[in-house]
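Numbering (my numbering), first residue to last: 159 to 427.
Backbone N, C-alpha and C define an ideal beta-carbon position, used for all residues, glycine too.
In this text, all values refer to a predicted model and were calculated from it rather than measured experimentally.
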């Protein structure tokens, strides 16, 4: 689906519109091997038509489109990618069977990717208690994460999230958690800093995470349910299962457009 909007961008603190072509295409792919990829696509389409989104920037004619990604040819069309929820080991297996795993690894090294729930597990650098035989990961976000950290499907739930970095930050976001992973800790490495985007109230954390041996830093990390590191965005819940598109807006504006502007600007300078 293609949608044109009129938005304005900056590069290095200055106006970039004068050095960009009249029209800039942005194609956001949704990995469509398993999970709620249709819901993500619908959320993006709603976002691209929303007045609050169209008013954000003026001066550049942005041409947005979405594509369901099932092949390397689909992936090559993408400016950015969303990996939906589902079952992380199944998605990893389907990626390998589709000959997409290595191309996706190369893609993830430079381009924006958002992983939701199972997608978040695939983006993580470390998985606690992986399934027997191990699990393929993209290893792009400096977190240690645990599958099904909240318990089984019957323990799935909704909770109000603190969202200080989103539009209308005083309005809580209803997080939908379905067999969701939990971020156990932030890894101490030299990669880009981690930006906290959303938190869940600590009194809602799983009981097993309340171990007296858990450090204050790890306890803080476990309340994180959305974070950004460079071009990569991770949410442990399912924003696409609500009618609130603020997380999709954050990904597009803060991760994708920022990347596209810089890439296009460097090509034109």
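| Check | Outcome |
| --- | --- |
| Go to residue 303, then tell me how far its beta strand (DSSP E) extends in each direction, as first and last residue. | 299-304 |
| Determine the direct distance from the alpha carbon of residue 405 to that of residue 166, and round the result to whole angstroms. | The predicted position of residue 166 is uncertain, since its pLDDT is 44 and thus under 50; a value taken from the coordinates is nonetheless stated next. Near 20 Å, if we compare the C-alpha coordinates of residue 405 and residue 166. |
| As a quick exercise: from 239, 417 and 318, pick the residue whose alpha carbon is nearest that of residue 361. | 318 |
| On a CA-only basis, which of 353, 191, 349 and 399 is nearest residue 257? Give me that one, please. | 191 |
| Taking the DSSP output, what are the residues bridged to residue 238? | 186 |
| According to DSSP, what are the bridge partners of residue 387? | 352 and 390 |
| So, is residue 196 buried or exposed, given that buried needs 16 or more other C-beta atoms within 10 angstroms? | exposed |
| Please report the residue range of the alpha helix (DSSP H) in which residue 196 lies. | 195-207 |
| Do residue 344 and residue 384 have their C-beta atoms closer together than 8 Å? | no |
| Can you tell me which of 304, 226, 395 and 351 puts its alpha carbon nearest to the alpha carbon of residue 273? | 395 |
| With DSSP run on the structure shown, which of helix, strand or coil describes residue 170? | Note that residue 170 scores 42 on pLDDT, short of 50, meaning its location in the model is unreliable and no value can be drawn from it. |
| Using the beta-carbon count (16 or more within 10 Å), is residue 287 buried or exposed? | exposed |
| Quick one: is residue 359 buried, meaning 16 or more other Cβ sit within 10 Å of its Cβ, or exposed? | exposed |
| Distance check for residue 230 and residue 261, CA to CA, integer angstroms please. | 7 Å |
| For residue 389, which of 226, 205 and 416 has the nearest alpha-carbon? | 416 |
| In this structure, does DSSP put residue 277 in helix, strand or coil? | helix |
| To the nearest angstrom, report how far apart residue 349 and residue 300 are at their CA atoms. | 8 Å |
| Kindly indicate which three-state DSSP category residue 400 falls into: helix, strand or coil? | coil |
| Name the residue from 281, 400, 325 and 237 whose alpha carbon lies nearest to the alpha carbon of residue 334. | 400 |
| Quick one: grab the DSSP three-state call for residue 332. | strand |
| From residue 347 to residue 284, what distance separates their C-alpha atoms? | 12 Å |
| Compare the C-alpha of residue 187 against each of 397, 239 and 323 and name the closest. | 239 |
| Quick one, which of 204, 408 and 181 has its alpha-carbon nearest residue 327's? | 408 |
| Residues bridged to residue 284 by DSSP? | 302 |
| Where does residue 204 land, buried or exposed, given buried means 16+ other C-beta within 10 angstroms? | exposed |
| Please work out which residues of its chain come closer than 6 Å, Cβ to Cβ, to residue 320, disregarding the five sequence neighbours upstream and downstream, and give them in chain order. | 357 |
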